[in-house]
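Participant: When you read off a place in the sequence shown, starting at 1, and then add 295, the result is the number in our numbering. Can you keep this structure in mind? I'll have questions shortly.
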Amino acid sequence: MALLPPLTRVELNRALLARQHLLERATTGTVDAVEHLVGLQAQNAWSPYVGLWSRVAGFTHDDLGDALLDRRLVRTAVMRGTIHLLSARDARVLPTLTAPLYERDLLTNTQHGPALRTLDVAAVTARARTLVEEEPRPSTVLGRLLAQDWPDVAPTTLAYAARGTLPLVQVPPRGVWGRSGATTWTTTDAWLGAPDGTVPDVRDPDVLAAELERLVLRYLAAFGPASVADVQAWSGLTGLAAVVERLGDRVVRFAAEPAPGRSRPREVLDVPDGPRPPAQTPAPVRFLPDLDNVLLGHADRTRIVSDEQRRAMQSRNGVVPGTVLVDGEVAATWRVQRDRLEPGPGRRRRERATLVVTPFAPLAAHHRREVALEAEAFVTFFADDAAERSVVVT
């Protein structure tokens, strides 16, 4: 199939932003938005709230919190082996597609692998299923209970085996805005109910092949145009070139300008009807959480963040800052500083929240005004519990 006219880096950027609802906020519901995005990374409980606020018009904390409580959305490990926010429907299927990540890591993990190689992992899995389906349990508790049957194995290793072999979800209040609680696990079936006949059985090779093809098409609809290397970086899976080959005319192919440091154009794929706005399309200021898939969903991320900016974002303690998009690209980081105020009536704790935005380079005057305006709205959402709020753009 011949390549269509080449796409520039800025055209790739605008296509990505359009599909991520970052050019214009979506008017869809929260669950529909999460499904379109094929989940949001959610190691930190607050992260998907920020990601959805920047993508969905009128989004509120309760839109997500209520969906977790009534089980329309769940938190589970999936792409790249990381915790994601998924719809209940996707939580049935996507973790079964990424299960090879855990199976591969189970025996090769440097800390736990040696003990697991001589362990009856299937027996541990069966016992762990019984325990977490009796009641949701934190990993530490699960490990101690499993150690009653396998006293010669470290509880942490036993819990690791369970998390790597069972389809598990984190149960609320974990992930509900304004509420705290230990990370507590149960099985997907225990939380969502036994699957009905509409859930694909990926043990059938033909069904697995079809679901992998569907996954790639969904990725392209949310992150494209993109290469095979990009979809593998996003999912953590390997061997997807064969899946892409089977897609045939369900995808279109473009040349894209060379990645930095390379001289040859590269091939990118897309769904035929994917939006590809012109390069001159305005891109509004948007605040993103610490680990947003729009920044992690490609092998070549230069369409949205330069290599220099990525290095500037890295910290010695491994903490990744929230970021700010200006004209479609990462141009600043943000953090919220909280300071204690004099107690209110009844000695109630009061705080001032200051949103500090730190650009990588001086911003043009009109961009600085746009950042300040969006920041005022964002700090009201993010620091909803603060008695006072302010914004500082350094």
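By construction, the Cβ of each residue, glycine as well, lies at the ideal position given by its N, Cα and C atoms.
Under the three-state reduction of DSSP, which class applies to ALA418: helix, strand or coil?
Facilitator: helix
Participant: Please report the residue range of the alpha helix (DSSP H) in which ARG663 lies.
Facilitator: Run containing ARG663: 660-677, per the alpha helix (DSSP H) assignment.
Participant: Tell me whether the beta-carbon of LEU392 lies closer than 7 Å to the beta-carbon of LEU512.
Facilitator: At least 7 Å separates the beta-carbon of LEU392 from that of LEU512.
Participant: Per DSSP, which one or two residues make a beta bridge with GLY617?
Facilitator: DSSP, once it has assigned bridges, lists TRP629 as partnering GLY617.
Participant: Pick out the complete alpha helix (DSSP H) segments inside the segment 362-441, 4 residues or longer, and give them in chain order.
Facilitator: 383-392, 394-403, 408-411, 416-429
Participant: Go through its chain and collect everything with a Cβ distance to ARG387's Cβ below 8 Å, but skip five positions before and after it.
Facilitator: THR483, LEU487, PRO490, VAL494
Participant: Please state whether DSSP places LEU335 in a helix, a strand or coil.
Facilitator: strand
Participant: Quick check: the segment 408-418 against the segment 446-463, are there 3 or more CB pairs under 8 Å?
Facilitator: yes
Participant: Going by other Cβ atoms of all chains shown within 10 Å of its Cβ, with 16 needed for buried, is ASP595 buried or exposed?
Facilitator: buried
Participant: Determine the closest residue to PRO577 out of VAL631, LEU302, LEU312, VAL502, with distance taken between C-alpha atoms.
Facilitator: LEU312
Participant: Between ALA627 and VAL619, is the Cβ-Cβ spacing less than 7 Å?
Facilitator: yes
Participant: Do you know offhand how far GLU603's Cα is from PRO616's?
Facilitator: 15 Å
Participant: Measuring CB atoms only, is the segment 424-441 touching the segment 466-479, in the sense that at least three cross pairs come out at less than 8 Å?
Facilitator: yes
Participant: Would you decide whether ALA517 is buried or exposed? Buried here means 16 or more other CB atoms lie within 10 Å of its CB.
Facilitator: buried
Participant: Which word fits GLN443, buried or exposed, when buried means at least 16 other C-beta atoms lie within 10 angstroms of its C-beta?
Facilitator: exposed
Participant: Taking 7 Å as the cut-off, decide whether the C-beta atoms of PRO567 and VAL589 are in contact.
Facilitator: Remark: C-beta atoms of PRO567 and VAL589 do not approach each other more closely than 7 Å.
Participant: Near ARG647, what residues of its chain come up, given a Cβ to Cβ distance below 6 Å and the 5 sequence neighbours on each side ignored?
Facilitator: ASP634, LEU636, GLU683
Participant: Going by alpha carbons, who is nearest to ALA656 out of ASP679, GLU665, VAL621?
Facilitator: When the alpha-carbon of ALA656 is set against those of ASP679, GLU665, VAL621, the nearest one is in VAL621.
Participant: Would you give the residue range spanned by the alpha helix (DSSP H) that GLU508 belongs to?
Facilitator: 500-518
Participant: Which residue or residues does DSSP assign as beta-bridge partners of ARG561?
Facilitator: ALA551
Participant: What does a CB cutoff of less than 6 Å around ALA536 pick up in its chain, not counting 5 residues either side in sequence?
Facilitator: VAL523
Participant: So for ALA703, helix, strand or coil by DSSP?
Facilitator: Outside the modelled stretch of the chain, which goes from 296 to 689, sits residue 703, for which no answer is possible.
Participant: Please confirm whether LEU389 and LEU401 have their CB atoms less than 7 Å apart.
Facilitator: In this structure, LEU401 does not lie closer than 7 Å to LEU389 by Cβ.
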